[in-house]
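Take a look at the structure below.
2 protein chains.
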Amino acid sequence: MKIKACGVKEKGARPEPFYYEKEVGRNDALVKITHCSIARGDIQFMNDDWGDTNFPVVTGHEIVGVVEEIGANVTDLQVGDRVGIGYQQEACFECEFCRAGNEQFCPHQKVIAVNCYGGLAEHIITDNRFVFKLPANLDSAKATPLMSSGLTVYTAITKANLKHNAMVGVLGVGGLGLLAIQFLKKMGHTVSAFSHSPGKKEMIEQAGATYVDSSNEHDVSQLHKQFDFILSTLNVGFNIDTYLKLLKPQGKLGLVASPLQKQSISIGLLYDYAQRTIYGNYVGSRKDMMDMLAFSAKHNVECLVEIMPFADMDKAIEILKSQNVPARLILENPL
Amino acid sequence: MKIKACGVKEKGARPEPFYYEKEVGRNDALVKITHCSIARGDIQFMNDDWGDTNFPVVTGHEIVGVVEEIGANVTDLQVGDRVGIGYQQEACFECEFCRAGNEQFCPHQKVIAVNCYGGLAEHIITDNRFVFKLPANLDSAKATPLMSSGLTVYTAITKANLKHNAMVGVLGVGGLGLLAIQFLKKMGHTVSAFSHSPGKKEMIEQAGATYVDSSNEHDVSQLHKQFDFILSTLNVGFNIDTYLKLLKPQGKLGLVASPLQKQSISIGLLYDYAQRTIYGNYVGSRKDMMDMLAFSAKHNVECLVEIMPFADMDKAIEILKSQNVPARLILENPL
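First to last, the protein sequences are chains A and B. The numbers in my numbering rise by one with no breaks, and the one at position 324 of the first sequence is 324. The numbers in my numbering rise by one with no breaks, and the one at position 234 of the second sequence is 1234.
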């Protein structure tokens, strides 16, 4: 079938109407897209900042919609199901990573913007194993960012394997940071949120976390060896050593974003009376996705969103290029 | 009692005879020292490279000797026992770390060269809980480096929680690296040893590992995503990104040494299709020490050593300052 999308033909160009052919395979689901987020990451794909964009590109990897057709082998979905789709579209299901339930590391995987077309479109055809039913009580627009940001943050937190009521720091209070605070609070942890924006203090406190002004070196250093886990959602450089020092022995620093430039650290802080760990995480497995959606439904985890019609995509891109928006922009495609 | 030691009075000075008073407390053991290593780390303590040396300092934190006297509360040791002692001398046994069996992170701990006097001496008095009986089949001189180097490397390896027959890389083939190869091989893993010294190829192969010339960028990059775990024993800077790329998804880079200068890494390599981890480790817990000694005895793990009489300490220091010695220098104090 012919799918209508918004494509970017070459590096740095603006999105324009783009059509591509794809058929519904035996394992696929055809989804009519109702919501798709657009964020800084999409602009970075359009600009090929990571060097792995394939043009023409259709970005958009946080997608909510309704199943319109299923392939012959599909048993877990039905036409009419409300579903979410994230970054990953396919996996081999045969390699050591797939067999271990870590499809996100499959060397044969297909992901939006690199190997296949994404959600800034009217429809998408995806392997049904990467099309996830949305629990009934999740709002479509507010759940859209869960499909990638939510998965990334949730998986990064569960990897830390925290004890009950751990002391946790969150660096950066944008979309990822706000989600992290919600997940962590609802898991029963004590959360401090580090931000250099005093204007976010109220929002942070409403989410149940303690605000720490990250521009106040004295306040930050007072928290020496206080944290079991610190999750950084910052995509700008920061002094990693400063935050390593805030970790207890055996404490962990999780990173779900970073600037492109190399960052420097004092390796001694990892082992000197400490045995500290740094790890990265991006997205998660199918099981992580299902766990995250169930957790979000049970605990009413919701993203801060601003809804715009699909037709306003150009305006959305201008907003993303010019401002630091705390809410995630969601393009809505009325059915 | 008055203990005769070799002390350094001030930063950069040379060791000279030094006497201090210490009594055998209720929990202590008095040990007549028969062997003590002297290594680059001792010179660094004498020069206060880490900034935490307390002068006058008696270094030496890999010690083997014989128990001469025990305190009233000591039940696990007897006079005449052959024992080993490492870096840590005391812990509070009450804090959260001690209660969890991680005495090496105790904030009240005492360690040689920072809070107490070490093994370049005739005797040492240590809390009996940090005095470990040596299994009978371990040679005193060859076992001496196990008490700190062995503990550090063994604990770093066990923290990686490797599956059976994992693919492991070892960076640097000095004392720590050679120990790492032995532990890893005897745990059943496949080991590649990275060194820029072709002269070490034979020694590496005799230890059962594959030699990789780390100065050959092509050979190194060919090993892209091959390793479950890489252990770096290098105390000079190296390109961390190069080795992160050699790790499989979910692979781990363990660091047991580092230069004092900050090192730079590309954070994206930690999470981009990967979820990789970096951690540090120095020494280990009491349980780690007992496990490591039992493993070493069972599998005949031995360090490459060169034995010199205590009286030749000045000569040993000159050797350490001027050369890169593959063998660990052990000063012997004939009983």
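A virtual CB, placed ideally from N, CA and C, is assigned to each residue, including glycine.
Within chain A, no residue has its beta carbon less than 8 Å from that of residue 1168 of chain B; the closest one is some 17 Å off. Scanning A/216, A/7 and A/124 for the CA closest to the CA of residue 55 of chain A turns up A/7.
A contact is defined here as three or more CB-CB pairs under 8 Å, and the region 255–269 of chain A meets this definition with respect to the region 1269–1280 of chain B. Neighbours of residue 1272 of chain B in chain A, taken as residues at a C-beta separation under 7 Å, are given in chain order as 282. Less than 7 Å separates the beta-carbon of residue 118 of chain A from that of residue 59 of chain A. The secondary-structure analysis by DSSP pairs residue 286 of chain A with nothing; it has no beta-bridge partner.
Excluding five sequence positions before and after residue 1204 of chain B, the CB atoms of its chain that fall closer than 8 Å to its own CB belong to 1173, 1181, 1193, 1195, 1210 and 1211, given in chain order.
Judged by DSSP in its simplified three-state form, residue 276 of chain A adopts coil rather than helix or strand. Of the residues A/113, A/277, A/148 and A/85, the one whose Cα lies closest to the Cα of residue 125 of chain A is A/85. Judged by DSSP in its simplified three-state form, residue 220 of chain A adopts helix. Residue 161 of chain A and residue 188 of chain A have their alpha carbons spaced roughly 13 Å apart. Look at the beta carbons and you see the region 1153–1170 of chain B not touching the region 1304–1320 of chain B: under three pairs across the two are nearer than 8 Å. Note: residue 1227 of chain B is bridge-paired with B/1247 in the DSSP secondary-structure output. The C-beta of residue 262 of chain A comes closer than 7 Å to at least one C-beta of chain B. Scanning chain A for C-beta atoms nearer than 7 Å to the C-beta of residue 1255 of chain B yields 267, 270 and 271, reported in chain order. Of the candidates B/1067, B/1312, B/1020 and B/1287, B/1067 places its Cα closest to the Cα of residue 1030 of chain B. Contact between the region 1141–1149 of chain B and the region 1289–1296 of chain B is present, with at least three C-beta pairs closer than 8 Å. Rounded to whole angstroms, the separation of the alpha carbons of residue 1079 of chain B and residue 1260 of chain B is 42 Å. Under DSSP, the beta-bridge partners assigned to residue 263 of chain A are B/1265.
By the criterion of a C-beta distance shorter than 7 Å, residue 1104 of chain B is surrounded in its chain by 1088, 1283, 1284 and 1285, once the five residues flanking it on both sides are discounted. For residue 1011 of chain B, same chain residues with a beta-carbon under 6 Å away, outside a window of 5 residues either side, are 1048 in chain order.
Residue B/1123 holds the alpha-carbon nearest to the alpha-carbon of residue 1023 of chain B among B/1113, B/1037 and B/1123.
In this structure, DSSP gives residue 1041 of chain B a helical state, which the three-state scheme calls helix. The C-alpha of residue 200 of chain A lies about 27 Å from the C-alpha of residue 248 of chain A. Nearest to residue 206 of chain A by C-alpha distance, out of A/219, A/185 and A/220, is A/185. Here the C-alpha atom of residue 1064 of chain B lies approximately 17 Å from the C-alpha atom of residue 1327 of chain B. For the alpha helix (DSSP H) assignment, the uninterrupted runs of no fewer than 4 residues enclosed by the region 150–214 of chain A are, from N- to C-terminal side, 175–186 and 201–206.
For residue 1309 of chain B, the pairing in a beta bridge is given by DSSP as B/1332.
Annotated three-state conformation of residue 1097 of chain B is helix, per DSSP.
Taking a C-beta distance under 7 Å as the contact criterion, residue 1191 of chain B and residue 1231 of chain B do not qualify as a contact pair. Within 9 Å of the CB of residue 258 of chain A, the CB atoms of chain B belong to 1266, 1267, 1268, 1270 and 1271, in sequence order along the chain.
By the neighbour-count criterion, in which 16 or more other beta carbons inside 10 Å mark a residue as buried, residue 1175 of chain B falls on the buried side.
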